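Asker: Below is the structure I would like to discuss, written out as structure tokens.
Protein chains: 2
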Amino acid sequence: MNNRYKVIAGLMAALIINGSAVAAKDEAVDKNKKYRMGVVVFEGFELLDAMGPLEMFGNVGARLEIVLVAEKAGPVASAQKVKTVADYSFEDCPELDIVLVPGGFGYTNMIRNEKAMKWLVDRAAKAELVTSVCNGSQILAAGGILDGAKATTNKAYYKMITGSAKEVDWVHEARWVDDGRIITSSGVSAGIDMSLHVIQRLFGEETATQIANMTEYEWHRDSTWDPFAKMHASQK
Amino acid sequence: MNNRYKVIAGLMAALIINGSAVAAKDEAVDKNKKYRMGVVVFEGFELLDAMGPLEMFGNVGARLEIVLVAEKAGPVASAQKVKTVADYSFEDCPELDIVLVPGGFGYTNMIRNEKAMKWLVDRAAKAELVTSVCNGSQILAAGGILDGAKATTNKAYYKMITGSAKEVDWVHEARWVDDGRIITSSGVSAGIDMSLHVIQRLFGEETATQIANMTEYEWHRDSTWDPFAKMHASQK
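Respectively, the protein sequence lines represent chains R and L. Heads up: the first sequence runs through residues -6 to 229, numbered per our numbering. Heads up: the second sequence runs through residues -6 to 229, numbered per our numbering.
Structure follows, in structure tokens:
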């Protein structure tokens, strides 16, 4: 059995293509600029809200450093109980070019936490891009970060979320909304499509397409594609 | 700002629907049977191979207990560097009804590890269902677990993976292959569709559909849907 393992392992070793190699093929974009993205995690975050984007961004390669940040560095449990590990606390988190805020039923652990919200408002103001998935936009809205901006959120709780944040120019039928510096997505899985859109903006279409194809993900490239807006229309 | 948080939080609190509530609505399936699923993680596992299924299975609720198992309990880094946390080591992992094996370039950390493979072969033999995502099927094949079974794997490395495991009845064009006790999926994102299929088998179609709709995931219900087989046809 051991020999069999060795043969397979040897064959595969030659073929390893990492994210950097994929990114290096793209000719359409500035190859020099590097980014650091901070993904905010909190107890009860929706697992795929963070992990879908992290799969896509995590395959970009050397031009994108990703850090996870939470109230304390260390394990953080999702709403699905599966844990991730925060690299930094709010206090020691390095500067961020991109901020990504997932949603989840644990969003109250952010919006009721004055220290966390103060950190988020400060970092969002300094970042080049502020992004959210699902009711992550509710967290941004609670900090006033979306005031005057076009934004979206998940469709199953749309009425409730948007009804409590009147200063935002909410868009109902949208997989994601790109308002320039602020990019928000609809519920959970929509964060994957938004992430590929952001990768396309920053690193070029070829890189985004290659990541989607290698991960066998059917990328919805049209930001207005949103069957879930109709499906959950009673929540409009 | 604090009052604003409280209003939003209060409004949301009444609406929390957890996985158990979703699962309880389904009338089509045996409501009594509970399952324990073990997700095997190893250094260099592909993040979404594990986290896509964990999002879907993690929303089933009380009838499905999920544990993460690795060589040692504690943090385990994915190929995308983002960490998860294993609940159990191979030694102290409880009995498993369902085994799920993700893939990733770190698969050699499984197939070169005799202790890990012995554990996997033993647990796979005892489990009611054995599932894999992406080149997780390569790990199962290396243990002889797929001998004589119909199975699939990712399409970008199809030729290499299948060429080294001739005892398996490989299926090229398939999002996933359900061979009864063994269910294997194509690359990365395909694990989400396979998971919804397994949830449908064990917990009913209504539960699977509700989870897909709440997570705004466009579920590919047809196991033969596989544009990536054609896209990576040179690797057949």
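For glycine and all other residues, C-beta sits at the position ideal for the given N, C-alpha and C. Note that the structure is a prediction, hence the values are computed from the model and not measured.
Which same chain residues, not among the five before or five after W212 of chain L, have their C-beta less than 7 Å away from its C-beta?
Answerer: Excluding sequence neighbours, W212 of chain L sits near D186, L189, A205.
Asker: Once DSSP output is grouped into helix, strand and coil, what is the label at W169 of chain R?
Answerer: Here W169 of chain R sits in strand by DSSP.
Asker: Along chain L, which residues have their Cβ under 8 Å away from the Cβ of Y210 of chain R?
Answerer: Within chain L, the residues near Y210 of chain R are V181, S182.
Asker: State yes or no: is the C-beta of A72 of chain R within less than 7 Å of the C-beta of S82 of chain R?
Answerer: No.
Asker: For a quick check, are the C-beta atoms of I154 of chain R and T146 of chain R less than 7 Å apart?
Answerer: Contact flag set, yes.
Asker: Alpha carbon to alpha carbon, how far is G156 of chain R from N25 of chain R?
Answerer: Taking the straight line joining both Cα atoms gives about 42 Å.
Asker: Does any C-beta atom of chain R lie closer than 7 Å to the C-beta of G54 of chain L?
Answerer: Not closer than 7 Å to any Cβ of chain R, the Cβ of G54 of chain L fails to qualify, so no.
Asker: Can you tell me whether A43 of chain L is buried or exposed? The criterion is at least 16 other CB atoms within 10 Å of its CB, across all chains shown.
Answerer: Buried, since its Cβ has 16 or more Cβ neighbours within 10 Å.
Asker: Below 7 Å CB to CB, which residues in the same chain sit around R99 of chain L once its five sequence neighbours on both sides are set aside?
Answerer: It is worth fixing the name first, because residue 99 of chain L is Gly in this sequence and not Arg. Within the same chain, G99 of chain L has close Cβ partners F35, E36, G37, F38, A72.
Asker: Give a yes or no on whether the minimum CB-CB distance between K75 of chain R and chain L is below 7 Å.
Answerer: According to the sequence shown, residue 75 of chain R is Val rather than Lys. Chain L, which has a Cβ nearer than 7 Å to the Cβ of V75 of chain R, makes this yes.
Asker: List the residues of chain L that F221 of chain R touches, going by C-beta distances under 8 Å, in chain order.
Answerer: N206, E209, listed in chain order.
Asker: Which stretch, first to last residue, makes up the beta strand (DSSP E) that contains A70 of chain R?
Answerer: Where A70 of chain R is concerned, the enclosing beta strand (DSSP E) stretches over 67 to 70.
Asker: Beta-carbon separation of E166 of chain R and A222 of chain R under 7 Å?
Answerer: Yes. Within cutoff.
Asker: Cβ closer than 9 Å: which chain R residues qualify as neighbours of I59 of chain L?
Answerer: Residues of chain R passing the Cβ test: Q73, K74, V75.
Asker: Let me see if you follow: with CB-CB separation under 7 Å, is P68 of chain R close to chain L or not?
Answerer: So, interface residue.
Asker: Against chain L, does K18 of chain R count as a neighbour if the rule is that its beta carbon must be under 7 Å from one of theirs?
Answerer: The pLDDT assigned to K18 of chain R is 49, lower than 50, so where the model puts this residue is not dependable; a value taken from the coordinates is nonetheless given after this. Answer no: the Cβ-Cβ gap between K18 of chain R and chain L never drops below 7 Å.
Asker: Using only the alpha-carbon positions, how far apart do R177 of chain R and V126 of chain R sit?
Answerer: Position check: residue 177 of chain R holds Thr in this sequence, whereas Arg was assumed. For T177 of chain R and V126 of chain R, the distance between alpha carbons rounds to 6 Å.
Asker: Check whether the stretch 51 to 68 of chain L touches the stretch 129 to 141 of chain L, taking contact to mean three or more Cβ pairs, one atom from each stretch, closer than 8 Å.
Answerer: Contact between the stretch 51 to 68 of chain L and the stretch 129 to 141 of chain L is absent, because fewer than three Cβ pairs lie under 8 Å.
Asker: Just the chain L side, please: which residues come within less than 7 Å of A149 of chain R by C-beta, in chain order?
Answerer: Per Cβ cutoff of 7 Å: M207.
Asker: Hey, which unbroken runs of the beta strand (DSSP E) at 3 residues or more fall wholly within the stretch 132 to 187 of chain R?
Answerer: With a minimum length of 3 residues, the continuous beta strand (DSSP E) runs that stay inside the stretch 132 to 187 of chain R are 169 to 171, 175 to 178.
Asker: Using alpha carbons as the reference points, say which of R:A118, R:L122, R:A63 lies closest to N102 of chain R.
Answerer: Measuring from the Cα of N102 of chain R, the nearest candidate turns out to be R:A63.
Asker: Here's the rule I'm using: 16 or more other beta-carbon atoms within 10 Å means buried, otherwise exposed. How should T215 of chain L be labelled?
Answerer: Strictly speaking, residue 215 of chain L in this sequence is Asp, with Thr absent from that position. Under this definition D215 of chain L is an exposed residue.
Asker: Note the first and the last residue of the continuous alpha helix (DSSP H) segment covering R29 of chain L.
Answerer: Not the alpha helix (DSSP H): R29 of chain L falls in the beta strand (DSSP E), residues 28 to 33.
Asker: Closer than 9 Å between beta carbons: that is the criterion. Which residues of the stretch 125 to 142 of chain L meet it against chain R?
Answerer: So the list reads C127, N128, Q131, A134, A135, G136, G137, given in the order they occur along the chain.
Asker: For V78 of chain R, return the contacting residues in chain L, with the cut-off set at a CB-CB distance below 9 Å.
Answerer: The contacting residues are P68, A70, V75, K76, T77, V78.
Asker: Any heavy atom of the ligand ATP closer than 6 Å to the CB of L93 of chain R?
Answerer: For the structure depicted, the ligand ATP is absent and the ligand set is empty, with no information on it obtainable.
Asker: Could you tell me which chain L residues have their CB closer than 8 Å to the CB of L40 of chain R, listed as they occur along the chain?
Answerer: Ordered by position in chain L, the residues that pass the 8 Å Cβ test against L40 of chain R are M44, L47, E48, G51.
Asker: Listing by chain order, which chain R residues have their CB less than 8 Å from the CB of M224 of chain L?
Answerer: Simply N206.
Asker: Identify the residues that DSSP records as bridge partners of L195 of chain R: which are they?
Answerer: L195 of chain R pairs with nothing; no bridge assigned.
Asker: Report all residues from its chain with a CB closer than 8 Å to the CB of S290 of chain R; omit the five preceding and five following residues, and keep chain order.
Answerer: Residue 290 of chain R cannot be examined here, being either before or after the span of chain R that is shown, -6 to 229.
Asker: From which residue to which residue does the beta strand (DSSP E) around T124 of chain R run?
Answerer: Taken as a continuous stretch (DSSP letters only), the beta strand (DSSP E) holding T124 of chain R covers 122 to 125.
Asker: Looking at L93 of chain L: is its Cβ nearer than 7 Å to the Cβ of D80 of chain L?
Answerer: No, the pair does not count as a contact, with Cβ atoms beyond the cut-off.
Asker: If I follow the unbroken alpha helix (DSSP H) through T101 of chain L, where does it start and stop?
Answerer: Here the alpha helix (DSSP H) through T101 of chain L covers 101 to 104.
Asker: Give me, in chain order, the residues of the same chain whose beta-carbon lies closer than 6 Å to that of L40 of chain L; leave out the 5 immediate sequence neighbours on both sides.
Answerer: So the list reads S71, Q73, V75, once near-sequence residues are dropped.
Asker: Taking only three categories from DSSP, how would you classify L89 of chain R?
Answerer: Correct three-state label for L89 of chain R: coil.
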